[in-house]
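Colleague: Mind having a look at this structure? Questions to follow.
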Amino acid sequence: MSWVELSLNITHEAVDWVCTLLAATRYTDDIYVDKYTNLDANFPINSDVTQPQWAFTIRLYVSSDIYIEEIANSLLSLQRAGLCSPLQEAFVEKKPQRGGINPIIHRIGQRFVVLTPEVPYERASDEIVLRLKTNLAFGSGLHPTTILNLRLLERHVVPKMNVLDLGSGSGILSIAMAKLGAYVLAVDNDSIAVQSTQDAVNRNSVEQQVTVMRGSLGRGSELGHWMGIGTIDNVSTIQETQTFDLITANILARIHITLAPDFRQALRWDGTQSGLLIASGFDTDYENAVTKTFTEVGFEAIDREQLDEWVAIAYHLKE
Numbered sequence: 002m003s004w005v006e007l008s009l010n011i012t013h014e015a016v017d018w019v020c021t022l023l024a025a026t027r028y029t030d031d032i033y034v035d036k037y038t039n040l041d042a043n044f045p046i047n048s049d050v051t052q053p054q055w056a057f058t059i060r061l062y063v064s065s066d067i068y069i070e071e072i073a074n075s076l077l078s079l080q081r082a083g084l085c086s087p088l089q090e091a092f093v094e095k096k097p098q099r100g101g102i103n104p105i106i107h108r109i110g111q112r113f114v115v116l117t118p119e120v121p122y123e124r125a126s127d128e129i130v131l132r133l134k135t136n137l138a139f140g141s142g143l144h145p146t147t148i149l150n151l152r153l154l155e156r157h158v159v160p161k162m163n164v165l166d167l168g169s170g171s172g173i174l175s176i177a178m179a180k181l182g183a184y185v186l187a188v189d190n191d192s193i194a195v196q197s198t199q200d201a202v203n204r205n206s207v208e209q210q211v212t213v214m215r216g217s218l219g220r221g222s223e224l225g226h227w228m229g230i231g232t233i234d235n236v237s238t239i240q241e242t243q244t245f246d247l248i249t250a251n252i253l254a255r256i257h258i259t260l261a262p263d264f265r266q267a268l269r270w271d272g273t274q275s276g277l278l279i280a281s282g283f284d285t286d287y288e289n290a291v292t293k294t295f296t297e298v299g300f301e302a303i304d305r306e307q308l309d310e311w312v313a314i315a316y317h318l319k320e
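If you want it as structure tokens, here you go:
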């Protein structure tokens, strides 16, 4: 049987977003992710042209060309933003073997176990199982920023907290916090991400604890799409009125910096319990700038996780 191999190169930031976009298409097969190798490294490059910093190459395999246009169109926004290369097509006789017959299980932190919906699994009494659609959970092995955020959530979320997941994306952080006992408002300004979050909530049976909506916090509703592809109309604004015990935001550094005052105003502080902010989505190059801005508006860093160059930091409000 022959296959059409679809491939594209992507940046670090685009890994989770490619998976989320593909989840909205009819493509349901495996996503193959490899470290990017520059095949043109031995050839001269025009020094006047800025070369994209590709991190991974993604490959998909389809048995028919009926999905190709749909997949290509779903990725156009990332391509325009410079986060992925144009989709390439090639005919191959067979697709790669996954190797082994055991299902892939992601263990994160001390308690989280990430699985696809169909994998049977008998959990230990202290484990928390998160089930994600194949396209969202596998291939990339979850982006480092997601892993780091989950590690911090495991340590800082307590039952009955009122929490905000800003930029919910695949919904994994929302369902994790719900399974830790929190009540979650999951928001994203992209309609595809909102649907992905709702699907994840339904799949994990946490509808009673998670409310999903299209929107943003404070001035975030005026920032447009995070990829810089224009404005987004009809985005609801969540008022920053000391509502939340904890906010988690796995978003770009520049958005963290812009929304720092809104985070401060949206967190509850009653004199005995300080509001918590878990920030991720950036690397060590931006860490000082993010922490400096948060400190200026009244936060103090209290916990930190790092994986390669990526970091996630927990802050609380100072008195």
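Once you know that position 95 of the sequence shown is 96 in my numbering, the rest is easy, because the numbers rise by one and skip nothing.
For every residue, glycine included, the Cβ atom is placed at its ideal position computed from N, Cα and C.
Taking the straight line between their C-alpha atoms, what separation do you get for residue 82 and residue 125?
Modeller: 43 angstroms
Colleague: Buried or exposed for residue 38, going by 16 or more other Cβ atoms inside 10 Å?
Modeller: Around the CB of residue 38, fewer than 16 other CB atoms lie within 10 Å, so the residue is classed as exposed.
Colleague: In the structure shown, what three-state DSSP assignment does residue 190 receive?
Modeller: coil
Colleague: From the DSSP output, which residues share a beta bridge with residue 35?
Modeller: 58
Colleague: Going along the chain, which residues of its own chain have a beta-carbon closer than 7 angstroms to the beta-carbon of residue 66, five neighbours each way excluded?
Modeller: Cβ within range, chain order: 5.
Colleague: From which residue to which residue does the alpha helix (DSSP H) around residue 71 run?
Modeller: 69-75
Colleague: From the DSSP output, in three-state form, read off residue 216 for me.
Modeller: strand
Colleague: Identify the residues that DSSP records as bridge partners of residue 237: which are they?
Modeller: 216
Colleague: What is the DSSP secondary structure of residue 328, counted as helix, strand or coil?
Modeller: Residue numbering for the chain in the displayed model covers 2 to 320; residue 328 lies beyond these limits and cannot be assessed.
Colleague: For a test of your reading of the model: does the CB of residue 202 fall under 7 angstroms from any non-hydrogen atom of the ligand COA? Yes or no.
Modeller: Questions concerning the ligand COA fall outside what the structure shown contains, since it holds no ligand whatsoever.
Colleague: Let me check one thing: in DSSP terms, what residues is residue 8 bridge-paired to?
Modeller: 60, 89
Colleague: Determine, using beta carbons only, whether residue 180 and residue 129 come nearer to each other than 8 angstroms.
Modeller: yes
Colleague: Can you tell me whether DSSP reads residue 171 as helix, strand or coil?
Modeller: Three-state DSSP puts residue 171 in coil, outside helix and strand.
Colleague: Nearest to residue 249 by alpha carbon, out of 110, 157, 63, 203?
Modeller: 157
Colleague: Quick one: grab the DSSP three-state call for residue 148.
Modeller: Under the three-state reduction of DSSP output, residue 148 falls in the helix class.
Colleague: Taking the alpha-carbon positions, what's the residue 45 to residue 182 distance?
Modeller: Confidence at residue 45 is low in this model, with a pLDDT of 41, below 50, so the placement of that residue should be treated as unreliable; the coordinate-derived value is given next. Rounded to the nearest angstrom, the two C-alpha atoms are 56 angstroms apart.
Colleague: Judging by CA-CA distance, which residue of 274, 118, 164, 31 is the nearest neighbour of residue 200?
Modeller: Looking at the Cα atoms, 118 is the closest of the given residues.
Colleague: On a CA-only basis, which of 9, 271, 286 is nearest residue 307? Give me that one, please.
Modeller: 286
Colleague: Between which two residues does the beta strand (DSSP E) containing residue 114 stretch?
Modeller: 113-116
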